[in-house]
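Enquirer: Position one of the sequence shown corresponds to residue 1 (the UniProt record's numbering), numbered consecutively onward. Virtual Cβ for every residue (Gly too), placed ideally from N, Cα, C. No experiment lies behind these values; they were computed from the predicted model shown. For reference, the structure I am asking about is given below.
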Amino acid sequence: HPSPSQQLSAKERYKEELKHQIEEQKRRQAEEREKIRIREEKEEERLAKERARMQQQYEEEQRRQQEAQENLRKMTQEAMTPHKAEVKRTSKQRVPESAKEEKEKTSQQTHEAQQSLQRAPSPPIPTLRRLPSRPSTEINQLSSRAGRSVSAPHATSKVPTPYDGQQEVIRELSALRNCLRKKQNQLELQIDRTAIAHPHLDRRPPRMDA
1 HPSPSQQLSA KERYKEELKH QIEEQKRRQA EEREKIRIRE EKEEERLAKE
51 RARMQQQYEE EQRRQQEAQE NLRKMTQEAM TPHKAEVKRT SKQRVPESAK
101 EEKEKTSQQT HEAQQSLQRA PSPPIPTLRR LPSRPSTEIN QLSSRAGRSV
151 SAPHATSKVP TPYDGQQEVI RELSALRNCL RKKQNQLELQ IDRTAIAHPH
201 LDRRPPRMDA
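Dropping the structure here:
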C-alpha cells in the first residue's frame, strides 16, 4: 500500500493536472473568443463598406435620374416655347384683325353707298313753255275764274312724279349711310379698347369719313 506521503503527492499531482487542464481550456476559449471577435469586426467592416458602396451607387443613380429628368424638361420647354409664343401671338392678334376686317368691310359698304348716291340721276327740271297771248277779255274771264276758285277751293289729288321717287331713294341712302357710320363708330371703339388692353399692337387706322 502506498504511504500517506505518496497518496498526498498523487493527490497534489491530480489537482495540479486538473488545474492545468482548466487553465488550458480557459486559454483556448479566450483564444476562440478573440478569433470570433476579430471575425465579427472584419464582417462588420465589410458590411459597412458594402452599405457605403450601395448608398453611393443609389445616390449616383438618383443624381443621374434627376439630371435626365431636368434635361428632358428643358428639351420639352425649349420645344414648346416657339409653339406657345405663336399661340399667344395669334390669340392676341385674332380680335384686332377681325375688328380691322369688319371696319374695312363697313368702310367699303359706306363707299359703295356714296358711289350709288353719286351715280343716281338728277331730278328733271321742269321747262317753262311760252303761253300764247290772250285777248284782254279772255284775261279778264280767267281772272274772274281764278277769283272764284280762290273763294271756293276744292281738293285735288297729288300725282307722284319722278322727282318724288328720287327723293325717296335719297332718303333711303341717307338712312343707310347713317347706319353704316354708327356701326363704324362701334368698331372704332372696339379697336380702341383692344389697343388699350394690348398696347404693343398697331394703333387703329385713321377714320374714313363717309
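Just how far apart, CA to CA, sit Gln29 and Glu44?
Expert: 22 Å
Enquirer: Measuring only the C-alpha atoms, how far is Lys74 from Arg53?
Expert: 31 Å
Enquirer: Can you give the beta carbon distance from Lys103 to Ile191, rounded, assuming they're within the 8 Å contact cut?
Expert: The Cβ separation is near 7 Å, so the contact holds.
Enquirer: State buried or exposed for Thr110, treating a residue as buried only when at least 16 other CB atoms are found within 10 Å of its CB.
Expert: Answer is buried; the Cβ neighbour count reaches 16.
Enquirer: Taking all protein chains shown into account, do 16 or more other C-beta atoms lie within 10 angstroms of the C-beta of Gln25, making it buried, or fewer, making it exposed?
Expert: exposed
Enquirer: Expressed to the nearest angstrom, what Euclidean distance is found between the alpha-carbon atoms of Thr76 and Arg64?
Expert: Distance from the CA atom of Thr76 to the CA atom of Arg64, rounded to whole angstroms, is 18 Å.
Enquirer: Once the 5 residues before and after Gln184 are set aside, which same chain residues still bring their CB inside 6 Å of it?
Expert: Thr106
Enquirer: Comparing alpha-carbon positions, which option in Arg177, Glu101, Leu176 and Glu17 lies nearest Glu188?
Expert: Glu101
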